[in-house]
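Each residue of the sequence shown is one higher than the one before, counting from 784 in our numbering.
Just so you know, even glycine gets a beta-carbon here, dropped at the ideal spot from N, CA and C.
The structure presented is a predicted model; accordingly, all values stated were derived computationally and were not measured.
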Amino acid sequence: MSLIGAVPGAWFARYRNEVPEDDGWSEGLDAGEPGYTYEPVVAWDSEGYGLVVGREAGRLVRAAEVSGFSGMYDDREKAEAEMTEDEVLERVRAEQEKRQKRERKTGG
């Protein structure tokens, strides 16, 4: 199998993690609420599958074959997915202000 190296930090595999009902340490998540983790894609195989370091296997594995896989994300999508509600609201406000300034300049 031939491998193509991935650009570091450009692509991530997202995995869904169920929070146990009474684990006592999961900050910010309600019991039973899913959380997500992101693993960097370190290479692509000859068929185009993203490869991540398999923690249990101790070698590169196809990201989609790891339990909990929920998709591939680029660095921008990952950053947006990790934003807090306050950060999202601030971003929306900033975009609204930009649009209003542009409309005032152009008259429409």
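Legend entry - Rounded C-alpha distance that separates Glu860 from Thr867: Residue mapping note: residue 860 aligns to position 77 of the sequence shown, counting from 1. Residue mapping note: residue 867 aligns to position 84 of the sequence shown, counting from 1. Approximately 14 Å, taken between the alpha carbons.
Legend entry - Range of the contiguous beta strand (DSSP E) that encloses Ala793: Stepping through the sequence shown from its first residue, residue 793 is reached at position 10. Segment: none, Ala793 is in no beta strand (DSSP E) and carries neither H nor E.
Inset, instruction - With DSSP collapsed to three states, give me the class of Arg874. - result: Sequence index remark: in the sequence shown, residue 874 carries index 91 (1-based). Three-state DSSP puts Arg874 in a helix.
Inset, instruction - Look at Val835 and Ala846 and say whether their C-beta atoms are less than 7 Å apart. - result: What you label residue 835 is simply residue 52 of the sequence shown in a count that begins at 1. What you label residue 846 is simply residue 63 of the sequence shown in a count that begins at 1. For Val835 and Ala846, yes; Cβs fall inside 7 Å.
Inset, instruction - Determine the direct distance from the alpha carbon of Tyr856 to that of Arg882, and round the result to whole angstroms. - result: Residue numbering aside, residue 882 sits at position 99 when the sequence shown is read from its first letter. Residue numbering aside, residue 856 sits at position 73 when the sequence shown is read from its first letter. Approximately 28 Å between the Cα atoms of the pair.
Inset, instruction - Flag this pair as yes or no: are the beta carbons of Ala789 and Val824 separated by less than 7 Å? - result: Sequence index remark: in the sequence shown, residue 789 carries index 6 (1-based). Sequence index remark: in the sequence shown, residue 824 carries index 41 (1-based). Taking 7 Å as the Cβ cut-off, Ala789 and Val824 qualify as a contacting pair.
Inset, instruction - Taking Ala826 as part of the beta strand (DSSP E), name the residues at either end of that continuous run. - result: What you label residue 826 is simply residue 43 of the sequence shown in a count that begins at 1. Run containing Ala826: 826 to 828, per the beta strand (DSSP E) assignment.
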